[in-house]
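Please read the structure below before turning to the comments.
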Amino acid sequence: MRRGSPFDWIAFDPESKNGMTEHISNGNDNVLQALYETIASRKTASPDSSYTAKLFNDGRAKIACKINEEAVEVLVAALHETPERVVSESADVLYHLMVLWADTGVTPDQVMAELARRTGQSGIDEKRSRAME
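With the working numbering as the guide, the letters of the sequence shown map in order to residues 1264 to 1396.
Here it is in structure tokens:
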């Protein structure tokens, strides 16, 4: 069942090659960073006025449950629905993951740095290096 999107603040342009306009409402060209900043700003908002604030108020376990729920929805979409549903559900997973990041004090830059560190490294070698830690 579709609910209101936490992404309503992102300008959408169906004519652009990826659907996003160059302009994000808060002036930040990095969509993930802009979304993260919006999410983090909701930590002090009233749970009555913000879905994100409600998630923070409900606690980390609730946030984790939402990630699990959304991950299942993206898997179902991938197996039985359209690519557009996979996109939509993937956005929901990323949103809830960023709520968890904000709750734990992790930033998108930290995650991007970890991804950059792994770039060019075999997945098998990377997993092997984690097993040795």
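By construction, the Cβ of each residue, glycine as well, lies at the ideal position given by its N, Cα and C atoms.
- By the C-beta density criterion, Thr1307 is exposed, having fewer than 16 other C-beta atoms within 10 angstroms.
- Residue state for Gly1322 is assigned as coil, using DSSP reduced to three classes.
- The continuous alpha helix (DSSP H) containing Lys1390 extends over residues 1386 to 1394.
- The alpha-carbon of Arg1381 is positioned some 7 Å away from that of Glu1389.
- Straight across, the Cα-Cα distance linking Ala1394 with Gly1386 is about 12 Å.
- Annotation for Pro1346: the continuous alpha helix (DSSP H) segment containing it runs 1346 to 1367.
- Nearest C-alpha to Ala1316 among Val1356, Glu1332, Thr1345, Ala1365: Ala1365.
- In the three-state scheme derived from DSSP, where H, G and I count as helix and E and B as strand, Asn1331 is classed as helix.
- The Cβ atoms of Asp1355 and Glu1336 sit closer than 8 Å to each other.
- Apart from the 5 residues on each side of it in sequence, Gln1373 has no Cβ closer than 7 Å to any other Cβ in its chain.
- Comparing alpha-carbon positions, the option among Ser1312, Cys1328, Val1350 lying closest to Leu1338 turns out to be Val1350.
- Annotation for Ser1304: the continuous alpha helix (DSSP H) segment containing it runs 1294 to 1304.
- Within the model, the alpha-carbon separation for Ser1353 versus Ala1327 is close to 16 Å.
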